[in-house]
Each structure stands twice: as structure tokens, then as C-alpha cells.
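Here's the structure, in C-alpha cells; my notes come after.
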Amino acid sequence: MTDAAAQGAHRARYRRILSFAAREFVKIWWYELVLPRFGMSSLAERTRGPRMQKFARRFHALAIELGGLMIKVGQFMSSRLDVLPPEITAELEGLQDEVPAVPFADIRVVAEAELGIPLTRAYSWFDETPVAAASLGQVHRARLSELDAADTGLENVVVKVQRPGIDGIVAVDLAALRRVARWLTRVRLVADRVDAPALVEEFAETSLEEIDYLHEAASAERFRENFADDPRVDTPEIVWERSTRRVLTLSDVTAIKINDTEALRAAGIDPAQVAEVFAEVMFDQVFTHSFVHADPHPGNIFVTPGSSTGSGGQTDDWRLTFIDFGMMAEVPDSLRDGLRMLLIAVAARDSRGLVAAAQEIGVLLPSADTAELERALKALFARFGGMGFAELATVDPREFRDFADEFGDMVRSLPLQLPENMLLLIRAVSLTSGMCSGLDPSFNVWDAAEPYAGRLLRDETGNVVQAFASRAMEIAGITMRLPKRIDDIIGRVDDGTVSFDTSRLERRLDRLEGIARRIASGVLFAAMLVGGALLVTPLPPLGITLICASALPLLHSVFAGVGRRGPR
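Here it is as C-alpha cells:
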């Protein structure tokens with residue numbers, strides 16, 4: 359394609375995306391804003407389901423036709439089970455597997471231009487039929503040359519090659535999405551809750567990283583190092599000699615797709631156990647490593663059986679194998695701390711703690727009046743807390759509707775927003791939740807969260823005790839050094855360096871020393887008492903000992919110096 363033809367195709371693509379968005383905005387404006395003003399809310403509500411389904415079908419067709427980032431947008435929407443109606447998510451689920459393949463001749467041109475040599479020299483065998491076709495590239499099986507195989511210790515590999523011209527397509531799609539984001543800033547209902555331009559920029563940064571395969575390779579290596587000592591997790595090895603910005607060669611780790619429950623059972627692997635381990639591994643990524651695989655859909659995770667077989671045909675000898683590290687989420691310390699608070703609050707059914715966590719994360723602005731929200735969350739925990747997906751499915755839909763009607767207006771009135779750095783994390787959480795419930799219909803997210811929350815709580819307890827102990831030792835050190843410093847001062851006075859009456863100074867320094875010691879005793883008492891209280895449940899003997907021993911510094915703090923008051 360010539361440059362002029364490419365530019366014309368890009369302009370047509372840009373107009374196509376914007377015209378689709380404009381039409382949908384007009385429809386939403388008419389049904390959701392105009393008709394209710396004329397007392398026709400019932401019409402809008404009655405037609406909402408069919409309208410959402412038609413929108414999803416039209417977007418589905420547009421995404422398949424255009425490809426590029428439109429596929430990514432559709433995949434993200436299909437994973438938002440938390441906020442989007444099922445009419446949309448169900449229709450867009452197929453985008454994960456419906457991307458058309460690029461002709462092999464075009465793939466060969468890209469690969470040979472990147473590698474600088476013919477494919478027949480780079481690989482001893484290269485399968486022309488793709489294993490998978492994605493929105494930005496596609497994957498082929500291959501076999502390394504004898505020399506490369508000897509150097510790497512690998513033979514069978516998969517080669518990921520970018521689609522031709524994908525850089526220009528991504529640039530056009532991002533330009534269109536930025537324009538749509540500016541439109542959204544004029545919709546107050548959206549602008550008050552989501553910084554759409556910032557959201558698009560976050561999506562743009564991720565997309566640009568995703569078309570840089572060297573960046574993906576580095577992410578894969580980092581992920582592999584994070585779980586190097588974890589037998590539950592595996593990742594492919596990178597063949598750096600055959601990897602560039604647009605071509606990525608990895609060891610072939612193809613195994614059972616994580617959502618293939620029949621194949622899992624045939625291999626003696628319990629899908630429910632896979633769901634449990636998968637949830638634990640995703641928790642570890644967020645709270646332990648702060649580096650999260652943000653695209654954990656079924657095509658990117660395999661279950662690799664081991665060599666041994668357990669009794670009764672069941673085996674625990676298997677591991678989760680992650681691939682495709684182009685979309686990764688970094689979790690800043692501030693966000694991780696807020697998520698820790700959130701998880702502990704949810705596990706403890708603590709409505710006040712949950713509100714505080716939402717404010718810490720940035721979802722709920724600090725200025726919000728949270729009294730009504732706390733009451734709503736308390737009612738939510740009381741009625742639905744601890745229920746798994748299977749139990750929730752048995753609840754009368756009218757009860758859900760009544761609950762939503764009662765608290766919906768209150769929640770909508772709150773200053774909620776979607777903070778930055780959350781887009782990919784929300785995607786990862788949504789996909790994880792859907793995957794686990796698909797593997798095990800009785801999967802209960804509460805059961806998965808509570809042990810992890812307990813561990814986090816024990817860690818936090820240790821951190822609190824450590825902080826108290828550290829502070830107490832610091833003050834004790836200052837207190838221990840204080841007499842020597844006082845003696846030095848008095849010594850200089852005695853030597854005549856300071857020529858004034860020292861009797862009053864000595865008395866005041868003596869009182870200051872006593873006050874410092876009492877303050878140190880008070881801090882030690884607080885540290886020992888709080889530390890003991892926190893340790894009573896996990897370590898009863900140590901906790902009780904600390905509480906009892908705290909009486910000694912308390913007595914010293916209260917009674918030290920009694921009867922020693924002298925003239926001032």
C-alpha cells in the first residue's frame with residue numbers, strides 16, 4: 359500500500375470511529391436525558407435492554423471489521439461485568455477469539471525485515487498456520503535452528519509477529535479515542551466520576567507498550583523472577599537472539615487452557631482447585647509483587663500437568679502457566695495500601711473500613727458525606743455478605759431491585775470517580791472473577807479473600823508492633839544518652855567555661871531528665887499494651903506477657919519523681 363493510500367485509509371478509519379460514537383451518544387442523550395424530562399422514563403427503561411444489545415452488536419461488527427484497538431476496547435468492555443449490563447458483555451465476549459488472521463505472506467515480510475534474515479535461516483521450521491490471531495499480532499509455532507537450540511537449550515518455540523502497519527492503526531485509533539474522551543468531558547454525569555482523557559492516556563500508554571515486544575519480553579522476565587520460587591506458577595523463556603520490537607520468540611508452553619474443564623478433569627485436575635489457586639496467585643501479584651498480569655483471559659493462561667498422578671485419578675501436580683505479558687499493571691504503594699484496607703474491610707464486613715479504603719484509593723473523594731453509605735454497606739453485608747455466586751443466583755431478583763432502588767440515588771449522589779492506574783487493575787479483577795466462577799460455579803470470592811485478608815492483617819499487626827518497638831527503642835536511646843550529655847554540660851560549667859550560678863540549671867536539668875524518663879516509660883507502656891492486644895489472638899502467650907509487663911513502665915511513668923519536688 360502506498361503512503362497516500364495508507365493516509366486515505368487512516369482518515370476513513372478515523373471518521374468511521376467518530377461517526378459511530380456520535381450516533382450512539384445521540385441515542386443515549388435522547389433516551390436517558392430527554393425522554394425522562396417529558397415524563398417518559400418508563401419508555402427509556404423498557405427499551406434499555408434491547409438498545410444495549412443492539413449497541414453491542416453494532417460495536418462487535420465494527421471492531422471485527424476495523425481490528426486494531428477497537429478489539430481491545432471491546433475486550434475491555436466484555437470484562438466489565440461489574441458495571442456493564444449483560445446485554446453488552448455477553449455480546450462482546452466473542453471478540454477474544456474472533457480476530458481474523460493476517461495472510462502468512464504479510465507476516466513473513468514483517469518477520470524477515472525485523473530479523474534481518476530469511477525465516478528459513480532463522481528457524482529450521484516455521485508453521486504458516488497461526489496458533490492464535492490477536493488484535494495487534496499473531497502467533498505461529500516454529501522450531502529453532504540447531505545452533506540456536508544448542509545455545510538456548512530450547513527447540514520448540516512460538517513466534518509472535520506484529521500485524522503489518524499496526525503502528526499507524528494504533529495512532530489513528532488513539533486519536534479517535536482522545537476525541538471521544540473530550541466529548542465525554544462535556545457530559546457532567548461522566549465528567550464528575552471519570553477523567554475520560556486521563557483514562558484514554560492510560561489506555562494509550564498500555565497500548566504503545568503492548569506493540570513493543572522488547573518491553574513485553576522484559577515484563578515476562580520480571581514476572582518470571584517474581585514467581586521463581588513458587589511451584590504454582592510458570593512462564594515461557596525468552597529467546598532474545600530471535601526477538602525484536604516486532605518479533606518475539608518464546609519457548610512453547612502450550613498446555614490445557616484454563617477454562618477447558620473437561621480436559622482438566624481428564625488430566626485428573628480439579629477445576630475448583632484451579633480456581634482457588636488462580637485467585638491466590640492473582641492476590642499475590644497485587645499485594646506481594648505490585649506487578650499484575652492485566653489480561654488473564656483463557657487464551658493467556660494454561661494449566662500444565664506434572665508427571666505424577668494422585669490417588670483416585672486426581673493430582674495436585676500441576677502449575678499455572680501465564681503467557682502474553684504485553685498488558686501489565688503496576689500497583690503504586692499508595693494504591694496497594696488502599697487495596698489492603700479494602701480487602702481486610704470486605705473480609706471483616708466492616709462498612710466504615712470499606713468507606714475509608716475507598717477514600718484512600720481515590721474512588722470516593724474525602725469530602726463525601728459517608729454516613730448514609732456506611733449504613734447502606736452495613737445492610738449489604740448483613741443481607742448478602744459471605745454469599746458466593748451460586749447463592750446470589752438464588753436470591754429473588756425483586757430483593758436486588760428493592761435494595762438498588764433504596765440506595766441507588768444515594769450512591770449516585772456521592773462524589774465517586776475512577777482514579778488513574780485503576781483501568782488495568784479493574785480489568786484483571788473482572789477477568790479473574792469471571793474465570794473463577796466459570797471454573798467453579800460455587801466459587802465464593804469471600805472464601806478466597808478471607809484467608810488472604812487474615813494473612814495481610816497479621817502482616818499489618820507485625821508492622822504496627824515493629825513501629826511501636828522501633829519508636830520505643832529510639833526514645834530509650836535518647837534517654838540513655840541524656841545523662842552523659844547533662845554531665846558534659848555540668849562539667850563545662852564546673853571548669854569555669856560558663857560563668858554563672860548553676861544550681862538552678864542543675865535542678866532544671868535534673869527535672870528535665872526525670873520528665874524524659876517518664877515520657878520514655880509512657881511510650882514503652884503504650885507500645886507493650888497495644889502490641890500485646892494485637893498479639894493476643896495469633897500468639898496468646900506473647901500477647902498476655904506483653905500486656906502484664908506493660909504495668910512496670912506505667913508505674914514508673916505515673917509515680918517516678920513523687921516526693922522529689924524541690925524548689926524551683
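For the sequence shown, the numbering used here gives the first residue as 359, with consecutive numbering after it.
Note that the Cβ used here is the ideal one computed from N, Cα and C, for glycine as well.
Small disclaimer: the values here were computed from a predicted structure and weren't measured.
Segment limits, beta strand (DSSP E) that includes residue i
i, result
"Gly495", "495-502"
"Thr360", "Segment: none, Thr360 is in no beta strand (DSSP E) and carries neither H nor E."
"Thr607", "605-609"
Contact belief for residue i with residue j at Cβ below 8 Å, rounded distance in angstroms
i, j, result
"Val611", "Pro589", "The Cβ separation is near 15 Å, so there is no contact."
"Pro555", "Ala539", "5 Å"
"Leu532", "Ala492", "Actually they do not touch by this definition, with Cβ atoms about 18 Å apart."
"Ile446", "Met435", "6 Å"
"Glu568", "Gly684", "4 Å"
"Val460", "Ser609", "The Cβ separation is near 23 Å, so there is no contact."
"Ala737", "Ala687", "That belief does not hold up - the Cβ atoms of Ala737 and Ala687 are roughly 32 Å apart, past 8 Å."
"Val689", "Val650", "6 Å"
"Ile616", "Val632", "7 Å"
"Ser565", "Val528", "6 Å"
"Leu606", "Ala575", "6 Å"
"Val530", "Arg381", "With 8 Å as the limit, Val530 and Arg381 do not qualify as a contact, their Cβ atoms being about 19 Å apart."
"Asp506", "Arg600", "7 Å"
"Asp798", "Ala630", "4 Å"
6 Å Cβ shell around residue i - same chain, five flanking residues per side excluded
i, result
"Arg698", "Leu814"
"Ile375", "Ala534"
"Lys430", "Ser493"
"Thr728", "Val713"
"Ala825", "Interpretation of Ala825 is limited by its pLDDT of 44, a score under 50 that renders its predicted location unreliable; the figure taken from the coordinates is listed afterwards. Closer than 6 Å at Cβ, skipping near neighbours: no residue."
"Val787", "none"
"Arg373", "none"
"Pro925", "Only weak support exists for where Pro925 lies, its pLDDT of 45 falling under 50; the value from the coordinates is given anyway. No residues qualify anywhere along the chain."
"Ala715", "Gly696, Met699, Leu700, Ala703"
"Trp536", "According to the sequence displayed, residue 536 carries Arg and not Trp. Val558."
Close beta carbons around residue i, own chain, < 8 Å, minus the five adjacent residues each side
i, result
"Ile627", "Ile614, Val661, Pro663, Gln672, Thr673, Trp676"
"Gly711", "Met699, Ile702, Ala703"
"Thr602", "Glu472, Leu473, Tyr571, Leu572"
"Ser665", "Asp675"
"Leu393", "Ser399, Leu401, Ala402"
"Ile524", "Gly426, Leu494, Gly495, Ile569"
"His418", "Gly432, Glu449, Leu450, Gly452, Leu453"
"Arg923", "In this prediction, Arg923 has a pLDDT of 48, which is less than 50 and means its spatial position is unreliable; what the coordinates show is noted afterwards. Same-chain partners within the cutoff: there are none."
Own chain residues within Cβ distance below 7 Å of residue i, not counting five before or after
i, result
"Arg369", "none"
"Ala363", "none"
"Leu477", "Arg466, Ala469, Glu470, Phe484"
"Ile422", "Glu456"
"Ser648", "Glu688, Val689, Arg694"
"Pro488", "Ala459, Gln496, Val497, His498"
"Asp618", "none"
"Gln643", "Phe649, Val650, His651"
"Asp440", "Only weak support exists for where Asp440 lies, its pLDDT of 46 falling under 50; the coordinates are left without a value."
Host alpha helix (DSSP H) of residue i (start-end)
i, result
"Asn584", "571-584"
"Ile784", "781-797"
"Gln410", "Note on residue identity: the sequence assigns Met, not Gln, to residue 410. Met410 -> alpha helix (DSSP H) spans 399-424."
"Arg710", "709-719"
"Arg623", "619-624"
Cβ-heavy atom distance, residue i to the ligand MG, below 7 Å
i, result
"Arg707", "Of ligands this structure carries none, so the ligand MG is not represented either."
Cβ pair count under 8 Å reaching 3, the stretch 489-498 against the stretch 514-528: yes
Sequence ranges, alpha helix (DSSP H) only - wholly within the stretch 626-699, length at least 4: 629-642
Inter-stretch contact (C-beta, 8 Å, three-pair minimum) for the stretch 503-514 and the stretch 394-413: no
Secondary structure, alpha helix (DSSP H): runs of 4+ residues fully inside the stretch 467-554: 477-480, 504-510, 524-542, 546-549
Stretch-stretch touch, CB-based, cutoff 8 Å, three pairs: the stretch 377-386 with the stretch 476-488: no
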